[in-house]
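Asker:
2 protein chains.
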Amino acid sequence: MQEFGKLYGVGVGPGAPDLMTLRAVNVLRSVEVIAIPRSNRFTKSVAWRIAEPNVSKRDDQELLMLDFPMTKDPAITEPAWDVAFTEIGRRLESQQSVAFICEGDPLFYSTFSYLKNQAQSRWSGVEIEVVPAVSSFTAVPSVIQMTIADGQERVAVVPASYGLEELPSILELFDTVLLMKVSRVMPELVRVLDDCGLLDNSVYVSKATMEHQKVVTDLASIQNEKCDYFSMVMVKKFDRSGVLEGAVDRG
Amino acid sequence: MQEFGKLYGVGVGPGAPDLMTLRAVNVLRSVEVIAIPRSNRFTKSVAWRIAEPNVSKRDDQELLMLDFPMTKDPAITEPAWDVAFTEIGRRLESQQSVAFICEGDPLFYSTFSYLKNQAQSRWSGVEIEVVPAVSSFTAVPSVIQMTIADGQERVAVVPASYGLEELPSILELFDTVLLMKVSRVMPELVRVLDDCGLLDNSVYVSKATMEHQKVVTDLASIQNEKCDYFSMVMVKKFDRSGVLEGAVDRG
Chain A
1 MQEFGKLYGV GVGPGAPDLM TLRAVNVLRS VEVIAIPRSN RFTKSVAWRI AEPNVSKRDD
61 QELLMLDFPM TKDPAITEPA WDVAFTEIGR RLESQQSVAF ICEGDPLFYS TFSYLKNQAQ
121 SRWSGVEIEV VPAVSSFTAV PSVIQMTIAD GQERVAVVPA SYGLEELPSI LELFDTVLLM
181 KVSRVMPELV RVLDDCGLLD NSVYVSKATM EHQKVVTDLA SIQNEKCDYF SMVMVKKFDR
241 SGVLEGAVDR G
Chain B
1 MQEFGKLYGV GVGPGAPDLM TLRAVNVLRS VEVIAIPRSN RFTKSVAWRI AEPNVSKRDD
61 QELLMLDFPM TKDPAITEPA WDVAFTEIGR RLESQQSVAF ICEGDPLFYS TFSYLKNQAQ
121 SRWSGVEIEV VPAVSSFTAV PSVIQMTIAD GQERVAVVPA SYGLEELPSI LELFDTVLLM
181 KVSRVMPELV RVLDDCGLLD NSVYVSKATM EHQKVVTDLA SIQNEKCDYF SMVMVKKFDR
241 SGVLEGAVDR G
């Protein structure tokens, strides 16, 4: 069986460099290749902007820049991804260790999931390690200091851009709903939340923990603005929160 | 207005000490008081066992041990919590900075949520900072290397011990379901997952990233065992995963 270098998927966290884990920093300092995804050759990688302050690049370490175009068109993504995965494979085949960095967590709406699937078929037997990270799932609630869930509460994570038809049923069943990928559907989202009587229970957060972080409680006021890619809406019903404080039945 | 010390809610992550963030380490090294929750005076705090290797206690720093009994009975929890919050308040009133540590994330099924609510009424105007952490939400998937969500997928987090009646509807609407607090309902949970045809898509993980981590794919084999408090079942349908690889409609 062919020997490969080890492949790491390293989450660098939601944006603030000091929200990286000690393990992420240690792995990035130790590997031979740091694989860095960016949208195109003219933009700086968001993940590398987060990691760089914590990783003093060694002279014998390669920074491998890889282009992942921001589109859903497979005629564009598939050839670009093939180039990226081929470049990574070349290093792994030379038994170099490769750390692929991702903003947020490697398994939560991240390109690393595709790399992981490809790895298993392209480099049979390759050792993979996933370094989990602080994701927007905990980062967004932390900046607005809103409980994600206490004792009895249920949480849903829903990519808003893939249809909002089922959101009213989801809001029935869940206490906290985190809506990802809201940027292109804000007017429709505002309408659904208003119909459900939950517009006042909703908060918009973009670039959580980053430099230009933005928190908006009046969602209607920004519904026609262009929203940031790193934005989320958190909806909190509070119906079942505070169970141990006697606010609701103790179940 | 009275001046208070600053109150921090610091998540120390899922269990492995090197999964703490740089920020958590820095805050714990800088504060005057580290408030440490434990079940009772005879057990070591799980959160402190995670944090201690990264925090060299300073001579002028206080380690304040606080008992949070493991029960849902308010006749026991409420007086114990009052003692704990009163002790914390005494330090804040002396303008000492206090960091309350939590395993996982401070806002995800954590005692810190109750402290935060109490803080706002007990110490009006106190400054609070939440340091988000790697939670079981990303830690459990990382140890079994299973994608939480890609492009179109929806994720649900459900505390299993508060009723499984709605689980079939939730499994209809969601692609990934993370079941928390499974320990006392495993036989019932196994039955529901089997009825939904998803038993083979379910993985049990306890003590993720910790020393005695356990992964079980045959849930039926452990349904009558006593499960660990830090355990979770991850159910993954894969119906909508791999969107960019052409596995499903691109939406």
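Those protein sequences? They're chains A and B, same order as listed.
Heads up: the first sequence begins at 1 in this note's numbering, then just goes up one per residue.
Heads up: the second sequence begins at 1 in this note's numbering, then just goes up one per residue.
We put the beta carbon where it would ideally sit given N, CA and C, even for glycine.
Being a predicted model, the structure only gives us computed values, none of them experimental.
1. Taking the alpha helix (DSSP H) that M186(A) falls in, what are its first and last residues?
2. State the DSSP-derived secondary structure class of K116(B), mapped to helix, strand or coil.
3. N40(B) and P79(B) look like a contact to me (Cβ under 8 Å); what is the Cβ gap, rounded to whole Å?
4. Examine chain A for any beta-carbon lying closer than 8 Å to the beta-carbon of P141(B), and answer yes or no.
5. Enumerated in chain order, which unbroken segments of the beta strand (DSSP E) with a length of 3 residues or greater are wholly contained in the region 112-183 of chain B?
6. Is the separation between the beta-carbon of S206(B) and that of L219(B) shorter than 8 Å?
7. Measuring only the C-alpha atoms, how far is E211(A) from G163(B)?
8. Any beta-carbon of chain A closer than 8 Å to the one on M20(B)?
9. What do you reckon, is the C-beta of T111(B) under 7 Å from a heavy atom of the ligand PLP?
10. Taking the alpha-carbon of P17(A) as reference, which of P14(B), T21(B) and P17(B) has the nearest alpha-carbon?
11. If we cut at 8 Å on Cβ distances, does R23(A) have a partner in chain B?
12. When you check each C-beta in the region 127-139 of chain A against every C-beta of chain B, which residues fall closer than 8 Å?
13. Under 8 Å Cβ to Cβ from V143(B), same chain only, skipping five residues before and after it: list those, please.
14. Taking a contact to mean a Cβ-Cβ separation below 8 Å, would you say T176(A) touches V155(A) in this structure?
15. Residues in the same chain with beta-carbon distance under 6 Å from P187(A), minus the five sequence neighbours each way, listed in chain order, please.
16. Does any CB atom of chain A fall closer than 8 Å to the CB of F108(B)?
17. Got a sec, what are the start and stop residues for the beta strand (DSSP E) I88(B) sits in?
18. Please check if any C-beta of chain A sits within less than 8 Å of the C-beta of I76(B).
19. Please name the residue or residues paired with G104(B) in a DSSP beta bridge.
20. List the residues of chain A whose Cβ lies closer than 7 Å to the Cβ of R38(B), in chain order.
21. Do Q145(B) and V182(A) count as a contact pair if the criterion is CB distance below 8 Å?
22. I believe G9(A) touches P106(A) by the beta-carbon criterion, under 8 Å. Please report the beta-carbon distance rounded to the nearest angstrom.
23. Can you name, in chain order, every residue of its own chain whose Cβ lies under 6 Å from the Cβ of A139(A), other than the five neighbours on each side?
Answerer: Checking against the coordinates, here is how it stands:
1. For the purposes of this step, residue 186(A) is taken as residue 186 along the first sequence, with counting starting at 1. Segment M186 to D195, the alpha helix (DSSP H) holding M186(A).
2. On the second sequence, position 116 is the one that residue 116(B) refers to. If DSSP states are grouped into helix, strand and coil, K116(B) belongs with the helices.
3. The count along the second sequence starts at 1 and reaches residue 40(B) at position 40. The count along the second sequence starts at 1 and reaches residue 79(B) at position 79. N40(B) to P79(B), Cβ: 14 Å. No contact.
4. Taking the second sequence and counting its residues from 1, one reaches residue 141(B) at position 141. Under the 8 Å criterion on CB atoms, P141(B) is classed as interfacial with respect to chain A.
5. Note on the region 112-183 of chain B: whole beta strand (DSSP E) runs with a minimum of 3 residues are 128-131, 155-159 and 176-180, in chain order.
6. Position 206 of the second sequence holds residue 206(B). Position 219 of the second sequence holds residue 219(B). Taking 8 Å as the cut-off, the Cβ atoms of S206(B) and L219(B) do not count as close.
7. For the purposes of this step, residue 211(A) is identified with residue 211 of the first sequence, where counting begins at 1. For the purposes of this step, residue 163(B) is identified with residue 163 of the second sequence, where counting begins at 1. Our two residues, E211(A) and G163(B), have alpha carbons roughly 42 Å apart in a direct line.
8. Taking the second sequence and counting its residues from 1, one reaches residue 20(B) at position 20. Output row for M20(B): interface = yes.
9. Absence of the ligand PLP is noted for the structure shown, with no ligands found whatsoever.
10. Locating residue 17(A) in the first sequence gives position 17, counting from the first residue. It is T21(B).
11. The sequence position of residue 23(A) within the first sequence is 23, counting from 1. For R23(A), the nearest beta carbon of chain B is closer than 8 Å to its own beta carbon.
12. Within the region 127-139 of chain A, the qualifying residues are I128, V130, V131, P132, A133, V134, S135, F137, T138 and A139.
13. Working through the second sequence from its first residue, we reach residue 143(B) at position 143. Taken in chain order, the residues that qualify are V205, A208, T209, Q213 and V215.
14. Stepping through the first sequence from its first residue, residue 176(A) is reached at position 176. Stepping through the first sequence from its first residue, residue 155(A) is reached at position 155. In this structure, T176(A) lies near V155(A), with their beta-carbon atoms less than 8 Å apart.
15. Position 187 of the first sequence, counting from 1, holds the residue named residue 187(A). Contacts found: Q223.
16. Looking up residue 108(B) in the second sequence gives position 108. Yes, F108(B) counts as interfacial toward chain A.
17. To locate residue 88(B), count along the second sequence from 1; it is residue 88. Here I88(B) belongs to no beta strand (DSSP E); instead the alpha helix (DSSP H) covers P74 to E93.
18. Within the second sequence, residue 76(B) is the residue found at index 76, counting from 1. Chain A, which has no Cβ nearer than 8 Å to the Cβ of I76(B), makes this no.
19. Position 104 of the second sequence holds residue 104(B). When DSSP reads this structure, G104(B) sits in a beta bridge with G13(B).
20. On the second sequence, position 38 is the one that residue 38(B) refers to. By Cβ distance, chain A contributes nothing, its closest Cβ being about 17 Å from R38(B), past 7 Å.
21. On the first sequence, residue 182(A) is found 182 positions in, with the first residue counted as 1. On the second sequence, residue 145(B) is found 145 positions in, with the first residue counted as 1. At a Cβ-Cβ threshold of 8 Å, V182(A) and Q145(B) do not count as neighbours.
22. What you label residue 9(A) is simply residue 9 of the first sequence in a count that begins at 1. What you label residue 106(A) is simply residue 106 of the first sequence in a count that begins at 1. Yes, they are in contact, since the Cβ atoms of G9(A) and P106(A) sit about 4 Å apart, within 8 Å.
23. Within the first sequence, residue 139(A) is the residue found at index 139, counting from 1. Excluding the 5 residues flanking it on each side, A139(A) has same chain C-beta neighbours closer than 6 Å at P14, A208 and T209, in chain order.
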